Amino acid sequence: MAQIKGSMAMAARKKIVSRDAVPKICNELRAKGKKIVTCNGSFDLMHIGHITFLQEAKARGDALIVGVNSNSSVKQYKSKDKPIIDEKHRMESLAALECVDYVVLMDEKEIAVPLINLARPDVHANGEEYGKDCVEAKAIKAIGGKLYLVKKVPGFSTTELIDRITQIYCRKK
């Protein structure tokens, strides 16, 4: 059993790739006629909303490349108190999912456009809450790709989870 777990963990870690490897991986996928999908986020405190989003994104193509905000990137665009989960563990959690083919760490404050320019996907998936005029729309259109907006699972966001946990566990007794 331990050997099976170890081999599964190794297989998942192979999905974590360097930024420099992404163009080569994408060229190889294209040469095989594969449709490439990208998406991005911090994926802190993984929950069903994240998983549904990733599954919906993967359904739009053959290979899903997930850009993950680095710790410093999350601090820049969200809060100095985030992320709660370190980038290494967030990437490993994503890589363990069957619907995710590759995971790449991105260090910019806004990672979507650099990821699109790096991977040049056929489709970029984004949360519906960002709308069709989001910053990614122009970048994906410029390379001839399509934007796919994924509906949000109501009641599931990292902030809502933190608020719920705080309410439950920080009540005065």
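Mapping the sequence shown onto this note's numbering, position 5 (from 1) lands on -13, and the numbers just tick up by one.
Even for Gly, the Cβ is constructed at its ideal location relative to N, Cα and C.
Source: prediction; values computed, not measured.
Quiz prompt | Same chain only: Cβ atoms within 7 Å of residue -17, ignoring 5 sequence neighbours per side | solution = As a working mapping, residue -17 is identified with position 1 in the sequence shown. The predicted position of residue -17 is uncertain, since its pLDDT is 49 and thus under 50; a value taken from the coordinates is nonetheless stated next. Within the same chain, no residue comes within 7 Å of residue -17 by CB-CB distance, once the 5 residues on both sides are set aside.
Quiz item: Helix, strand or coil: how does DSSP classify residue -17 here?
Solution: As a working mapping, residue -17 is identified with position 1 in the sequence shown. Per-residue confidence for residue -17 stands at a pLDDT of 49, beneath the threshold of 50, marking its modelled position as unreliable; no derived number is given.
Quiz item: For residue 107, which of helix, strand or coil comes out of DSSP?
Solution: As a working mapping, residue 107 is identified with position 125 in the sequence shown. Strand, per DSSP.
Quiz item: Count the other CB atoms within 10 Å of the CB of residue 212; is the residue buried (16 or more) or exposed (fewer)?
Solution: Nothing about residue 212 can be reported from this structure: the residues present for the chain run from -17 to 155 only.
Quiz item: With DSSP run on the structure shown, which of helix, strand or coil describes residue 128?
Solution: If you number the sequence shown from 1, residue 128 lands on position 146. It is a strand residue.
Practice problem: Pick out the complete beta strand (DSSP E) segments inside the region -10 to 26, 3 residues or longer, and give them in chain order. | Solution: List check, beta strand (DSSP E) in window: 18 to 23.
Quiz item: Under the three-state reduction of DSSP, which class applies to residue 30: helix, strand or coil?
Solution: Here the question's residue 30 lines up with position 48 in the sequence shown. In the structure shown, residue 30 adopts helical secondary structure according to DSSP, grouped into three states.
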